[in-house]
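Written out below as structure tokens is the structure these notes cover.
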Amino acid sequence: MPEEVVLIKFGGSLITNKSKVCSERIDIIDKLAKICVNITSLNKKLIIVHGAGSFGHIKAKELKIFEGKIISIYEKQILGIEKIRSDMLSLNEKIIDMMLKYKLKPETYIPHLEGKGSGMNYVFSNKIDEIIKSNKIPVIYGDVVDIDGDKEFGILSGDDICEILCKRLKISHVIFAIDGADGIIDNPNSKSGGKLIKQFSSHHPVVVNKLEFDVTGGMNLKIKRGVNCFRQGSRVSIINGNNTEMILKAVMGVEYLGTEFI
Numbered sequence: 023m024p025e026e027v028v029l030i031k032f033g034g035s036l037i038t039n040k041s042k043v044c045s046e047r048i049d050i051i052d053k054l055a056k057i058c059v060n061i062t063s064l065n066k067k068l069i070i071v072h073g074a075g076s077f078g079h080i081k082a083k084e085l086k087i088f089e090g091k092i093i094s095i096y097e098k099q100i101l102g103i104e105k106i107r108s109d110m111l112s113l114n115e116k117i118i119d120m121m122l123k124y125k126l127k128p129e130t131y132i133p134h135l136e137g138k139g140s141g142m143n144y145v146f147s148n149k150i151d152e153i154i155k156s157n158k159i160p161v162i163y164g165d166v167v168d169i170d171g172d173k174e175f176g177i178l179s180g181d182d183i184c185e186i187l188c189k190r191l192k193i194s195h196v197i198f199a200i201d202g203a204d205g206i207i208d209n210p211n212s213k214s215g216g217k218l219i220k221q222f223s224s225h226h227p228v229v230v231n232k233l234e235f236d237v238t239g240g241m242n243l244k245i246k247r248g249v250n251c252f253r254q255g256s257r258v259s260i261i262n263g264n265n266t267e268m269i270l271k272a273v274m275g276v277e278y279l280g281t282e283f284i
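Using my numbering, the letters of the sequence shown map in sequence onto residues 23 to 284.
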């Protein structure tokens, strides 16, 4: 197995149309798959994590899935969970199909079938190790997962997955591919629109936006998970995923437009 493992998180807002339920951005998924080909040609091992975007967040917020079991709407929640899981698998299949189009070797890891526990309490099954050892590309996604206790279920975000994998595996570089910004923007609500932070440490005072339908923590959680991945020894970058060439530049170790954790 190549020594360097690159984990790329495809943000849900990047790969889906935020305002339309279950609407993917197939052109972006295509561009991301092409970049995966370029990265594997550099003898890098790849892991792909993707978010839910409009395939999961809207319904999850409506049914308060992040709160766990709520007696008054429990039946609706159960039906909603089935729908979210089905929709997420559909989004995942679109990504898998695009990767196969470019002769990559992806294999899906379905969190709610393979493990248990929400957030940072999620425990991966050995299947993730088996996929990596088989020289395939694991493709994992944010999901509604079962948990022990009265809550019964909760949310495992793609950003959570990134940190968990950094603790479990030796990840050389984590890249958060996002939409709508070139990286972390300091004070984005200012009249000037804020300024890109090219080098970020946990000591930076940062004000960020949070999408209304994002039930997994938005940029704030991404920063927190990114800091923790960095502390595990991984390089961490946040990059505008619409500019896929910047992802490749970051992997190659040359100057790129984005935020690098230091």
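Built from N, CA and C at the ideal position, the CB exists for glycine as well. This structure is a prediction, so every number in the text was calculated from the model and none was measured.
*Hey, how far is the Cα of L243 from the Cα of D181?*
7 Å
*Pairwise C-alpha distance: S224 and S179*: 21 Å
*Determine the DSSP secondary structure at L64, reduced to helix, strand or coil.*
coil
*Go ahead and pull the three-state DSSP assignment for N143.*
helix
_Given I284 as reference, the closest of K116, L29 and I219 once Cα atoms are compared_ = I219
*Roughly how far, in whole angstroms, is the beta-carbon of G9 from the beta-carbon of N209, given that I think they are within contact range, below 8 Å?*
The requested residue 9 is not part of the displayed model; the chain covers only 23 to 284.
_Taking the beta carbon of Y163 as the centre, do at least 16 other beta carbons fall within 10 Å, making it buried, or is it exposed?_
buried
*What residue from S35, G248, K40 and G205 has the CA that sits closest to L187's CA?*
G248
_Could you give the first and the last residue of the continuous beta strand (DSSP E) run that contains V27?_
V27 to F32
*asked:* My output table needs one value for R107: the three-state DSSP class, helix, strand or coil.
replied: helix
*For R257, write down the residues that DSSP places opposite it in a beta bridge.*
H195
_Contact defined as beta carbons within less than 8 Å: I believe H134 pairs with V167. What is the distance between those atoms, to the nearest angstrom?_
5 Å
_E136 versus V59, S112 and I153, residue with shortest Cα-Cα distance_ = I153
*Looking at I177 and S147, is the spacing between their C-beta atoms short of 8 Å?*
no
_Nearest residue (CA-CA) to R190, options N157, S156, K123 and M142_ = M142
*Could you pull the start and end residues of the beta strand (DSSP E) that P160 belongs to?*
I159 to Y163
*May I ask whether a heavy atom of the ligand MG can be found less than 7 Å away from the beta carbon of N65?*
The ligand MG is absent from the structure shown, which contains no ligands of any kind.
_Reduced DSSP category for L85 - H, G, I as helix; E, B as strand; rest coil_ = coil
*Opposite N209 in the DSSP bridges: which residues?*
BP columns for N209 are empty, so no partner.
_Give me the DSSP bridge partner(s) of Q221._
E282
*Name the residue from K138, G102 and I57 whose alpha carbon lies nearest to the alpha carbon of K123.*
I57
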